[in-house]
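Written below as C-alpha cells is the structure these notes are about.
Protein chains: 2
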Amino acid sequence: MNNQPPPEHLRHKPFTPLDQPRELVLACPSFKSQVNLSRIVRLAGCVAAEKIIVCGSTKVDPNIARDGMKQVVIERRRTLLPVLKKLKQLNYRLVGLEQTDRSSGLFDYSFERRTALVIGHERLGITAEELAVVDDVIEIPVYGMPFSYNVVTATTMAVYEYCRQFPSG
Amino acid sequence: MNNQPPPEHLRHKPFTPLDQPRELVLACPSFKSQVNLSRIVRLAGCVAAEKIIVCGSTKVDPNIARDGMKQVVIERRRTLLPVLKKLKQLNYRLVGLEQTDRSSGLFDYSFERRTALVIGHERLGITAEELAVVDDVIEIPVYGMPFSYNVVTATTMAVYEYCRQFPSG
Chain V
1 MNNQPPPEHL RHKPFTPLDQ PRELVLACPS FKSQVNLSRI VRLAGCVAAE KIIVCGSTKV
61 DPNIARDGMK QVVIERRRTL LPVLKKLKQL NYRLVGLEQT DRSSGLFDYS FERRTALVIG
121 HERLGITAEE LAVVDDVIEI PVYGMPFSYN VVTATTMAVY EYCRQFPSG
Chain U
1 MNNQPPPEHL RHKPFTPLDQ PRELVLACPS FKSQVNLSRI VRLAGCVAAE KIIVCGSTKV
61 DPNIARDGMK QVVIERRRTL LPVLKKLKQL NYRLVGLEQT DRSSGLFDYS FERRTALVIG
121 HERLGITAEE LAVVDDVIEI PVYGMPFSYN VVTATTMAVY EYCRQFPSG
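So the protein lines, in turn, are chains V and U. Under the numbering used here, the first sequence has 105 at position 105, and the numbering climbs by one with no breaks. Under the numbering used here, the second sequence has 163 at position 163, and the numbering climbs by one with no breaks.
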C-alpha cells in the first residue's frame, strides 16, 4: 500500500447480495447458555441463514443477537430428533458438528447447499440418537489447549466454511 | 452411514500436531469486553497461535479462556502502533480485519505464514494510524442483519481461514 493514502473505514457498507436464498438451517439443542444461543442468532443473521431451530426455553438476548432476531426465523421445539427426521425428508443433508470416531475434517468437507448443521450441547454434545440420524459428522482440527472450541466458535467456523463454499447462496 | 453403527463421541481426542510452530500473532486493541478478549484467548490456544498482544488492562477471564491462558503467550502493551511497527521489522505481514474502501474478501485472501492479524476495537474498529501501517486489509462478506459480525466471530473466521491454509502450521 505504498504511495497511496491509507485505507479508510467504511461503516455501514452494503451487504453482499445472494443469488438465491440460503438453504442453511442451524439445528440447536437446548443450550445451557443464552449468550451462546444469542451469539449464534447474530451469526445466523449476518450470513442470512434460512432458519434456526432451537430446543427448550433458553432465551435470546436482544443485546447480543441484535437484528439477527429479525433476520432469521427461530423455530422452537421440545426436542431435536423429530425435526431432524423431518428435515431429512425435506432433503436437507444433516451434518453434525462433533468429534466422533468417524468425523470428517472441516477443511476437506464439501457441503451440500441444502444443509442442516446439527450443533451439540455445550457439555453433552450431540446425543447418540441424533448421531444415529445425521448423514455426516464433521470436526475441526484442534492444535492446542484447551483442546476444545467453544460451541459458538466451532459453529462460526462451520458456517464460515459453508459460506465460503456458497458465497452467493 | 447405512449398515454401520452410528458414530460415537470421542472425548479428549488427541490434538492435531503441527509440523512447525505457528507464526500467527493476534494483535488486539484495548477491548471493551473481557468476555471478547477471553474468548479470543481460548481460540488462540486451540489453534496454537504464537502470541496475543493486547492493549490496556482488560482482564482475561479464566473461566472463558480456560487453558488457552497457559497455551498462548499474552503480551500486554500500552498501545498497538509501536508493536505493529516492530512486527513489521520482524517480517510479519500485518493484516487488518476491517471494512474499508479497499479491503480484500477473506474468501479470496492468501495469508502469508508469518502473519500478525490486527483486530479492531468493538466499537471503534482499527484506528487510522494502525490502518496506515498494515500491509493488507481483509473483510468478511455480510449477507444480512445486523450487518456486522461480533469481533470474536470475525476473528474466529479469519483465524479459521488462516489455519485452513496452513493446516500443519
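Note that the Cβ used here is the ideal one computed from N, Cα and C, for glycine as well.
Tell me the rounded alpha-carbon separation between residue i and residue j.
| i | j | result |
| --- | --- | --- |
| U:ARG93 | U:ALA158 | 14 Å |
| V:GLU23 | V:GLY169 | 8 Å |
| U:VAL47 | V:TYR143 | 5 Å |
| V:MET145 | U:THR100 | 34 Å |
| V:HIS9 | U:GLU122 | 14 Å |
| V:LEU124 | V:GLN71 | 29 Å |
| V:MET1 | V:SER33 | Any reading at V:MET1 must be qualified, since the residue scores a pLDDT of 49, below 50, and its modelled position is unreliable; the value itself is stated next. Straight-line Cα distance between these residues: approximately 43 Å. |
| U:GLU50 | V:PRO6 | 28 Å |
| V:ARG76 | V:VAL54 | 5 Å |
| U:GLN20 | V:LEU90 | 45 Å |
| V:ILE64 | V:SER38 | 6 Å |
| U:ILE52 | U:VAL73 | 6 Å |
| U:GLN4 | V:GLU129 | 14 Å |
| V:ASP67 | U:LYS86 | 40 Å |
| U:CYS28 | U:ILE126 | 9 Å |
| U:SER171 | V:ARG11 | With chain U covering 1 to 169 only, the question about residue 171 of chain U has no answer from this structure. |
| V:PRO141 | U:PHE147 | 29 Å |
| U:VAL83 | V:LEU81 | 51 Å |
| V:LYS88 | V:LEU106 | 21 Å |
| V:MET69 | V:GLY45 | 7 Å |
| V:TYR170 | V:PHE31 | In the structure as shown, chain V starts at 1 and stops at 169, and residue 170 of chain V therefore has no counterpart that could be examined. |
| U:TYR149 | V:VAL133 | 32 Å |
Tell me which same chain residues have a C-beta within less than 8 Å of the C-beta of residue i, skipping the five on either side of it?
| i | result |
| --- | --- |
| U:THR155 | LEU26, ILE40, LEU43, LEU97, LEU117, ILE119 |
| V:LEU131 | GLY96, GLU98, THR100, VAL137 |
| V:LYS13 | none |
| V:THR153 | none |
Quick one: list the residues of chain U neighbouring residue i, beta-carbon separation under 7 Å, in chain order.
| i | result |
| --- | --- |
| V:VAL142 | PHE15, THR16, CYS46 |
| V:LEU131 | PRO6, PRO7 |
| V:GLY128 | According to the sequence as given, residue 128 of chain V is Ala; it is not Gly. Going along chain U in sequence order, the residues near V:ALA128 (Cβ under 7 Å) are PRO6. |
| V:PHE107 | ARG164, PRO167 |
| V:THR58 | Simply none; closest approach about 18 Å. |
Could you tell me which chain V residues have their CB closer than 8 Å to the CB of residue i, listed as they occur along the chain?
| i | result |
| --- | --- |
| U:SER38 | Per Cβ cutoff of 8 Å: no residues; U:SER38 is ~10 Å from chain V at best. |
| U:ALA27 | Within 8 Å Cβ-Cβ: nothing; U:ALA27 doesn't reach chain V, min ~16 Å. |
| U:THR115 | Going along chain V, no residue has its Cβ under 8 Å from U:THR115, so there is no contact; the nearest lies around 16 Å. |
Just to confirm my understanding: we take residue i, look at its own chain, exclude 5 residues before and 5 after, and list those with CB closer than 6 Å. What are they?
| i | result |
| --- | --- |
| U:PHE111 | TYR162, GLN165 |
| V:TYR109 | ILE138 |
| U:VAL151 | ASN36, GLU122 |
I'd like the list of long-range same chain contacts for residue i, defined as Cβ closer than 7 Å, with 5 residues on each side in sequence excluded.
| i | result |
| --- | --- |
| U:LEU18 | ALA48, SER168, GLY169 |
| V:ARG114 | GLU23, ASN91, TYR92, ARG93 |
| U:THR79 | CYS55 |
| V:THR16 | none |
Which residues in chain U have a C-beta closer than 8 Å to the C-beta of residue i? List them in chain order.
| i | result |
| --- | --- |
| V:VAL137 | PRO7 |
| V:THR79 | Those do not exist, as V:THR79 stays about 17 Å from chain U at its closest Cβ, beyond 8 Å. |
For a contact meaning CB atoms closer than 7 Å, what does residue i contact in chain V?
| i | result |
| --- | --- |
| U:ASN150 | ARG39, ARG42 |
| U:GLU98 | HIS9 |
| U:TYR160 | MET157, TYR160 |
| U:ARG66 | PRO146 |
Would you mind telling me which residues of chain V sit closer than 9 Å to residue i, beta carbon to beta carbon, in chain order?
| i | result |
| --- | --- |
| U:LYS70 | MET145, PRO146 |
| U:ASP19 | Simply none; closest approach about 11 Å. |
| U:GLY125 | HIS9, ARG11 |
| U:PHE31 | What U:PHE31 touches in chain V: nothing, since even the nearest Cβ is about 16 Å away. |
| U:ARG102 | MET1, GLN4, PRO7, GLU8 |
Residues of chain U with CB closer than 9 Å to the CB of residue i, please, in chain order.
| i | result |
| --- | --- |
| V:ASP61 | Near V:ASP61 there are no residues of chain U at all, since even the closest Cβ is about 12 Å away, more than 9 Å. |
- Query: Hey, which unbroken runs of the alpha helix (DSSP H) at 4 residues or more fall wholly within the segment 87–138 of chain V?
  - Reply: Runs found: 128–131.
- Item | Sufficient close CB pairs (3 or more, under 8 Å) joining the segment 57–64 of chain U to the segment 121–137 of chain V | The segment 57–64 of chain U makes no contact with the segment 121–137 of chain V: fewer than 3 CB pairs, one atom from each, lie closer than 8 Å.
- Item | Start-end ranges of the beta strand (DSSP E) lying completely within the segment 14–92 of chain U, minimum 3 residues | Complete beta strand (DSSP E) runs here, min 3: 24–28, 51–55, 73–77.
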